[in-house]
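Visitor:
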Amino acid sequence: MKKRLLAPLAIAIALAGCQSDDSNINQAKVNKETTQQASHVNPLFSEFTTPHGIPPFDKIKKSDYLPAFEQSINENKKEIAAIADATNEATFVNTIEAMEKSGEFLNRVSNVFYGLTGSMSDDEMRNIAKAVSPQLSALNDDINLNAKLFARVKAVYDKKDQLNLKVNELTLLEKTYKGFVRGGANLSDADKGKLRQLNTQLSKLSLKFGENLLHETNSFEMIIDKQVDLAGLPDDIIAAAAVTATERGHNGKWVFTTHRPSKNPFLTYSTNRKLRETLYKGYTMRGNNDDAFDNKKIASETASLRYKKAQLLGYKTHAHFILENATAKTPENVFGLLNQVWPAALARAKEESADMQKLASSEGTNIEIEAWDWWFYAEKIRKARYDIDAAETKPYFSLEGTLQGIFFTAEKLWGVTFKERNDLPKYHDDVRTFEMFDKDGSYVGVYMTDHYVRESKRGGAWMNNWHTHYVNSKGVKQLPTAFIVCNFPPSTEKNPSLLRHDDVVTLFHEMGHALHHLLSQVNEPFVSGISGVAWDVVEFPSQFLEYFAYDKEVLKLFSKHHETGEVLDDKAIDRLIKAKNFQSSLALVRQVEFALFDFKLYQKLYTSEEEVQSLLDGIRERVSVLTPPSYNKFQNGFAHIFSGGYSAGYYSYKWAEVLSADAFYLFLESDIFNRELALKYKNLVLGKGGSVDMDTLFF
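Our numbering puts the first residue of the sequence shown at 408, with every later residue one more than the last.
1) Only counting runs of 4 or more residues, tell me where the alpha helix (DSSP H) segments fall wholly within the segment 507 to 542, in order along the chain.
2) What is the DSSP secondary structure of GLN990, reduced to helix, strand or coil?
3) Do THR816 and LEU964 have their C-beta atoms within less than 8 angstroms of each other?
4) Report the three-state DSSP secondary structure of SER1110 (helix, strand or coil).
5) Exposed or buried, what is SER1059 when buried is set at 16 or more other beta-carbons lying within 10 Å of its beta-carbon?
6) So PHE587 is in the beta strand (DSSP E); what residue range does that whole segment cover?
7) So, at 6 angstroms on beta carbons, what are the nonlocal neighbours of LEU605 in its own chain, with the 5 sequence-adjacent residues on each side left out?
8) Looking only at C-alpha atoms, which of VAL741, SER769, ALA761 and GLN634 sits nearest to GLU777?
9) For the alpha helix (DSSP H) that ILE480 lies in, which residues bound it at each end?
10) Could you check how far apart the C-beta atoms of LEU730 and LEU602 are, in whole angstroms? I think they sit under 8 angstroms.
11) Going residue by residue through the segment 589 to 626, where are the continuous alpha helix (DSSP H) segments of at least 4 residues, counting only ones entirely within it?
12) Quick one: is GLN634 buried, meaning 16 or more other Cβ sit within 10 Å of its Cβ, or exposed?
13) For LYS901, does the three-state DSSP call read helix, strand or coil?
14) Out of GLU477, GLU931, ASN894 and LEU620, point me to the one whose CA is closest to GLN542's CA.
15) Quick one: Cα of ASP981 to Cα of GLY972, how far?
16) Name the residue from SER1021, ARG997 and ARG789 whose alpha carbon lies nearest to the alpha carbon of LEU1008.
17) Given this structure, state the Cα-to-Cα distance separating SER707 from PHE1074, to the nearest angstrom.
18) In this structure, how does DSSP classify ASN894 when only helix, strand and coil are distinguished?
19) Counting along the chain, where does the beta strand (DSSP E) carrying TRP873 start and finish?
20) State the start and end residues of the unbroken beta strand (DSSP E) segment that holds TYR1109.
21) Let me know if ASN575 comes out buried or exposed under the rule of 16 or more other beta-carbons within 10 Å of its beta-carbon.
22) Give me the Cα-Cα distance between ALA538 and ASN740, rounded to the nearest whole angstrom.
23) Would you say ASN930 reaches chain D, if we count a Cβ-Cβ gap shorter than 8 angstroms as a contact?
24) In the segment 960 to 988, which residue ranges form an unbroken beta strand (DSSP E) of at least 3 residues, counting only runs that do not cross its ends?
25) Can you find the residues in the same chain that come closer than 7 angstroms, C-beta to C-beta, to LYS1112, ignoring five residues on each side of it along the sequence?
26) Give the DSSP-derived three-state secondary structure of ILE776 in the structure shown.
27) By alpha-carbon positions, which one of PRO903, ASP1102 and LYS881 ends up nearest to GLU454?
28) Thinking C-alpha only, which one of LYS790, ALA505 and LEU577 is nearest ARG559?
29) Could you work out which residue in THR583, ALA798, ARG997 and ALA1068 is closest to VAL944 when comparing CA atoms only?
30) From the DSSP output, in three-state form, read off PHE825 for me.
31) Could you have a look at TRP749 and say whether DSSP puts it in helix, strand or coil?
32) Output yes or no for whether 8 angstroms exceeds the beta carbon distance between ASN518 and TRP749.
33) Kindly list the residues whose CB is nearer than 7 angstroms to the CB of LEU1091, restricted to its own chain and excluding five residues on each side of it in sequence; keep chain order.
34) Using the three-state DSSP reduction, which class does GLU818 fall into: helix, strand or coil?
35) Give me the Cβ distance between SER863 and ASP529, rounded to the nearest whole Å; I'm assuming they're in contact under 8 angstroms.
36) Can you tell me where the alpha helix (DSSP H) holding PHE728 begins and where it ends?
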């Protein structure tokens, strides 16, 4: 390092006498930056000393990630080698527990980096992900395919009945053993090589799919320069579009994007049908524009490679591979659920579609209802039938009021409380941080929020975490931190962030995930919180909490006008609740379309874009009511199943919905804030995390 610095430094000194004052100043800046870089200590290399172990975001530089990944991967390799090469008898402690507690350095780096890739994405972060992804894939294979390590794991597993393990420990042992088998431990050396190649390819494709989709979402803009083309839109939506236009360099105009807070209101209220289709088309053609960001080939290749991987591992299809770790267990059970709900829903959905066509015809429009008309005419019918107007109820659902309502609901149910802290590290100014305390005043964990839409975020809403509740390698209990990311409209000069009731439901949904993670009482990280939970029941706690967003007693806690403080009146709340299932059949049929496409895609080998499209077209012929236009190839933007972990698992939303409905009706039959019932749910469902199968906890 010193030799590299000598030549540039000597040249700089020799030229110093010839430089102008500005040059001297510029050189001073360079020297200062060099000194700062030399003195910078990578904070990812050591345990965080910040309150609650929250990552010190203000000290972490993007340039810190690659060195930290390289070092932590190497360290993890050494830890695994020490376990695999041990010559003493394999035991639960020196093998299974040792493996679980290895990789703390790598987990620290990964949690920070991947926790930010969905919300703070830019070219530099994406390039880091591209560089690291194959390294992590290779490390995972190095562990799963290590014959000596697997032999020790199997030795412990084979005598599990004689070990007198606790329930959590037994679950950990079984999932560890099964993870090795599913990871290829029993393959021949030749097949292990093939598996490595498949895993590397799939890792790259997943990254590219998500990267393309984010680019497509952010790059589309519908610019409006005539006020007449804003007809029908509420004032707050127009104001937000003006802000977006200014931010994008279109001063004095209005811009609408494919982000939900912009897209959905426009499709709902705009009277300009041509522009509604323009925005709808922009959204449904993401990843389908035959350019560098096209996802068609990636989608078909991903499906094909997953099929080949499943067969290599001894499974009939990728769907069978996924279901082995799910509560549904078999394709027959999945289809049993979907085939039970969609025929009845289809019949009612056709009636709902006919209602919209009848309304359109009565207005003399002489049009046939198309997919981009759904939101517009649905809102008209809902308003006429239930006297509910989302634009009129939005002032009663401020983001702040809704958040406090959720906190109060959690306190009424489980006795937990939240206290905001403004002095803790955060990765963006939009982030808010709350400490969570149990009913006895003991500290539980940290809950962070990142609510507002911005271009560095992918679409939708999700929950993630920096820490899990567990006991680390030093015997110290680590308490959890959870954070949720949404894409809600930001506040304007006139109004705070105001939500549609659908957004309110989204916030309750994500809080359900967060509570599932925060209230875990499991000390083994692999099965604590949401870790190790079967994928088709992970949505159970989130959908369970959604129901409270439709309860009158709960709504009256926070549905207050942001200016006057007036509570939404009883009649309006009753109408809102009554409208809960409005056009639910159309929505259900749409979800079945997605679920059937996902599951059938992963039930056989599809080798081309045309075959994938043909599959979707066939499903639409069976279940679609508002047949989408030919350019709607939504699969190319279907991040859930190509880059989001839901492959052959999208049905889980409906599967978990059954559980959540059953659980909520227990409360309806007694008391919505039944503390005894709530604590039972907290201790069994939330507290056990993934340490016990849900069919044991709930049924």
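Even glycine gets a Cβ: it sits at the ideal position worked out from N, Cα and C.
Just so you know, these numbers come straight off a predicted model, no measurement behind them.
Guide: This is what the structure holds:
1) 511 to 523
2) Taking the first residue of the sequence shown as position 1, residue 990 is located at position 583. GLN990: coil per DSSP, three-state reduction.
3) For this step, residue 816 is matched to residue 409 along the sequence shown. For this step, residue 964 is matched to residue 557 along the sequence shown. Yes, the pair counts as a contact, with Cβ atoms nearer than the cut-off.
4) Nothing can be reported for residue 1110, as the shown portion of the chain is limited to 408 through 1106.
5) Position 652 of the sequence shown, counted from the start, is the residue given in the question as residue 1059. With 16 or more Cβ atoms within 10 Å of its Cβ, SER1059 is classed as buried.
6) For the purposes of this step, residue 587 is identified with residue 180 of the sequence shown, where counting begins at 1. Taken as a continuous stretch (DSSP letters only), PHE587 belongs to no beta strand (DSSP E), being part of the alpha helix (DSSP H) at 574 to 589.
7) Sequence index remark: in the sequence shown, residue 605 carries index 198 (1-based). Counting only Cβ-Cβ distances below 6 angstroms, and skipping sequence neighbours, we find LEU712 and LYS716.
8) Along the sequence shown, one-based indexing puts residue 777 at 370. Measuring from the Cα of GLU777, the nearest candidate turns out to be ALA761.
9) The residue labelled residue 480 in the question sits at position 73 within the sequence shown. Residues 472 to 491.
10) Against the sequence shown, residue 730 aligns to sequence position 323. Against the sequence shown, residue 602 aligns to sequence position 195. In fact, because the Cβ distance is near 20 angstroms, the residues do not count as touching under 8 angstroms.
11) 596 to 626
12) Taking the sequence shown and counting its residues from 1, one reaches residue 634 at position 227. Exposed, because fewer than 16 other Cβ atoms sit within 10 Å of the Cβ of GLN634.
13) As a position in the sequence shown, residue 901 is number 494, starting the count at 1. Reduced to three states, the DSSP call for LYS901 is coil.
14) Indexing the sequence shown from 1 puts residue 542 at position 135. Among GLU477, GLU931, ASN894 and LEU620, the Cα nearest to that of GLN542 belongs to GLU477.
15) Walking along the sequence shown from the start, residue 981 turns up at place 574. Walking along the sequence shown from the start, residue 972 turns up at place 565. Between ASP981 and GLY972, the C-alpha separation is close to 19 angstroms.
16) Within the sequence shown, residue 1008 is the residue found at index 601, counting from 1. Checking every option, the nearest Cα to that of LEU1008 belongs to SER1021.
17) By 1-based counting over the sequence shown, the position of residue 707 is 300. By 1-based counting over the sequence shown, the position of residue 1074 is 667. Using only the alpha carbons, I get a separation of about 45 angstroms.
18) Mapped onto the sequence shown, residue 894 falls at position 487. Strand.
19) The count along the sequence shown starts at 1 and reaches residue 873 at position 466. Note, TRP873: beta strand (DSSP E), 869 to 874.
20) The structure shown does not extend to residue 1109, since the chain is modelled only from 408 through 1106, so no value can be given for it.
21) As a first step, residue 575 must be located in the sequence shown, where it is residue number 168. Buried, by the Cβ-count rule.
22) Within the sequence shown, the letter at position 131 stands for residue 538. Within the sequence shown, the letter at position 333 stands for residue 740. C-alpha separation (whole angstroms): 40 angstroms.
23) No chain D appears in the structure shown, which is made up of a single protein chain.
24) none
25) The requested residue 1112 is not part of the displayed model; the chain covers only 408 to 1106.
26) Translated into positions along the sequence shown, residue 776 becomes position 369. ILE776 falls in the coil class under three-state DSSP.
27) Locating residue 454 in the sequence shown gives position 47, counting from the first residue. Selected option, being the one with the closest Cα: LYS881.
28) Taking the first residue of the sequence shown as position 1, residue 559 is located at position 152. Here the closest residue by C-alpha is ALA505.
29) Translated into the one-based positions of the sequence shown, residue 944 becomes position 537. Of the listed residues, the one whose Cα sits closest to VAL944 is ALA1068.
30) For this step, residue 825 is matched to residue 418 along the sequence shown. Strand, per DSSP.
31) Taking the sequence shown and counting its residues from 1, one reaches residue 749 at position 342. Helix.
32) Reading the sequence shown from its first residue, position 111 is the one you call residue 518. Reading the sequence shown from its first residue, position 342 is the one you call residue 749. No, these two residues do not count as a Cβ contact at 8 angstroms.
33) Locating residue 1091 in the sequence shown gives position 684, counting from the first residue. Hits under 7 angstroms: LEU1104.
34) For this step, residue 818 is matched to residue 411 along the sequence shown. GLU818: helix per DSSP, three-state reduction.
35) Reading the sequence shown from its first residue, position 456 is the one you call residue 863. Reading the sequence shown from its first residue, position 122 is the one you call residue 529. Right, their Cβ atoms sit about 6 angstroms apart.
36) In the sequence shown, counting from the first residue as 1, residue 728 sits at position 321. Per DSSP, PHE728 belongs to the alpha helix (DSSP H) from 725 to 730.
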